[in-house]
Amino acid sequence: MLSIDKMIDRIEELPSPDFVVQKIISVASDPHASAQELADAIMMDASLSSKVLKLANSAYYGIPRRISVLSEAIMILGFKTVRNLAMSVFTYSSLFSSNGTEAINRKSLWRHFVYVAVGSETLGEILGYPVKEELFINGLLHDIGKVALDVISPRMMRAISSITSAKNRTFLEAEKLLEIPPHTSIGAKLVERWGLPDVIVQTVEGHHSPEMFLDSINAEVVAIVHVADVVANMMFPGDSLSYGKPNLSHDALNLLVLRPKTLIRFMDRFKVKVKKADEFLEM
Ligand SMILES: [Fe+2]
Ligand SMILES: [Fe+2]
């Protein structure tokens, strides 16, 4: 069995955000940057620009007229949303370009990433979370450790997959049964190496155990992504190679003051939103 440290070393083999993506992330987080600067950063990569524009025009954002230039997309949708679109294009390409086993159905894993991103943003809206765009990127990346695990050890991935699907178990239960280092820790190390902000590192680490970060300034984000992930796993079992009944954290529900009535309202709105996210599924 590989130790977690040895596994983490092999993460280097995964594609990491290139210069263009890193530049986009840094410009988008700079409060003094202009829309043109962000547009210029994205335009360094022609294929990325056209994909970002395609997503900006998707049904998910429901902009009534066609956006044809990036700076306009940034003005209408905001810096953080456009950064999320660029990050989506990068995550999609790293998922589909990395080696791994057929145990993972990459299309369904990608659907899970998108649905948890959409779900987190939707739940944030309902709860009145101030920066809902931050939730999208956290939701999108929460299970990135599964991609890493698949690249590091396709054999382990196949073992997990046979347990979860045949025995109706969650991914987490299979990891514990097989004593495999959790995808949460592997993923957290990965996004840390990518230089992504703490909030993303904590969400990736704590999305199955939000109680880990109750004292953190990021507690709400971790809890929201946790709830969105549980709901996505219940509504679309198997997408992330997880079956069975996921554990919903009471600490997360208490922290968010999320009552059953609100949870039901969330699920209804989530169903509507995922139908509009089709363009994210095929890039
Ligand atoms: Fe997970
Ligand atoms: Fe997940």
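Residue numbers (the working numbering): 206 to 488.
Glycine included, every Cβ here is placed at the ideal spot set by N, Cα and C.
Here the structure is a predicted model, which means the values were calculated and not measured.
Original post:
What are the start and end residues of the alpha helix (DSSP H) that includes THR389?
Top reply: Start at 1 with the first residue of the sequence shown, and residue 389 comes out as number 184. Counting along the chain, the alpha helix (DSSP H) containing THR389 begins and ends at 388-398.
**OP:** Could you say which of TYR297, VAL321, ASP250, ASP403 lies nearest to LEU275 if we only look at CA atoms?
**Re:** Within the sequence shown, residue 275 is the residue found at index 70, counting from 1. LEU275 has its Cα closest to that of ASP250, out of TYR297, VAL321, ASP250, ASP403.
**OP:** Measure the Cβ-Cβ separation of GLY392 and LEU340 and say whether it is below 9 Å.
**Re:** In the sequence shown, residue 392 corresponds to position 187, counting from 1. In the sequence shown, residue 340 corresponds to position 135, counting from 1. Against a cut-off of 9 Å, the Cβ pair of LEU340 and GLY392 comes out as no contact.
**OP:** Name the two residues that bound the continuous alpha helix (DSSP H) containing ARG474.
**Re:** Along the sequence shown, read from residue 1 onward, the residue named residue 474 stands at position 269. Its alpha helix (DSSP H) spans residues 465-480.
Subject >> For PRO442, three-class secondary structure by DSSP >> reply: Within the sequence shown, residue 442 is the residue found at index 237, counting from 1. If DSSP states are grouped into helix, strand and coil, PRO442 belongs with coil.
Original post:
When the distance is taken between beta carbons, is MET361 closer than 9 Å to PRO342?
Top reply: As a first step, residue 342 is located in the sequence shown; it is residue number 137 there, counting from the start. As a first step, residue 361 is located in the sequence shown; it is residue number 156 there, counting from the start. Correcting the residue identity first, residue 342 is Ile in this sequence and not Pro. At the C-beta level, ILE342 and MET361 stay beyond 9 Å of one another.
Original post:
Taking the alpha-carbon positions, what's the THR408 to SER454 distance?
Top reply: Reading the sequence shown from its first residue, position 203 is the one you call residue 408. Reading the sequence shown from its first residue, position 249 is the one you call residue 454. Cα to Cα, THR408 sits roughly 14 Å from SER454.
**OP:** Below 8 Å on the Cβ atoms is my guess for VAL321 versus ALA437; work out the distance and round it to an integer in Å.
**Re:** Here residue 321 corresponds to residue number 116 of the sequence shown, with the count starting at 1. Here residue 437 corresponds to residue number 232 of the sequence shown, with the count starting at 1. Their Cβ separation, rounded to whole angstroms, is 5 Å, which keeps VAL321 and ALA437 in contact under 8 Å.
**OP:** Kindly indicate which residue of PHE295, PRO335, TYR334, ALA233 has the alpha-carbon position closest to the one of LYS285.
**Re:** On the sequence shown, residue 285 is found 80 positions in, with the first residue counted as 1. Of the listed residues, the one whose Cα sits closest to LYS285 is ALA233.
Original post:
For ligand 2, is there a heavy atom less than 8 Å away from the beta-carbon of ALA379?
Top reply: Along the sequence shown, read from residue 1 onward, the residue named residue 379 stands at position 174. Not under cutoff, so the answer is no.
**OP:** For GLU242, collect the residues of the same chain with a Cβ closer than 7 Å to its Cβ; drop the 5 residues on either side in sequence, then sort them by chain order.
**Re:** Within the sequence shown, numbered from 1, the residue matching residue 242 stands at position 37. Cβ within range, chain order: VAL232.
Subject >> Straight-line Cα distance separating ILE429 from VAL323 >> reply: Position 118 of the sequence shown, counted from the start, is the residue given in the question as residue 323. Position 224 of the sequence shown, counted from the start, is the residue given in the question as residue 429. One C-alpha to the other measures close to 11 Å.
Original post:
Under the three-state reduction of DSSP, which class applies to VAL336: helix, strand or coil?
Top reply: Position 131 of the sequence shown, counted from the start, is the residue given in the question as residue 336. VAL336 falls in the coil class under three-state DSSP.
Subject >> Reduced DSSP category for TYR297 - H, G, I as helix; E, B as strand; rest coil >> reply: The residue labelled residue 297 in the question sits at position 92 within the sequence shown. Residue state, collapsed to three classes: helix.
Original post:
Would DSSP call ALA264 helix, strand or coil?
Top reply: Residue 264 sits at position 59 when you count from the first residue of the sequence shown. Of the three classes helix, strand and coil, the one that applies to ALA264 here is coil, per DSSP.
Subject >> Under 9 Å between C-beta atoms of ARG398 and ILE229 >> reply: Position 193 of the sequence shown, counted from the first residue, corresponds to residue 398. Position 24 of the sequence shown, counted from the first residue, corresponds to residue 229. No. Outside cutoff.
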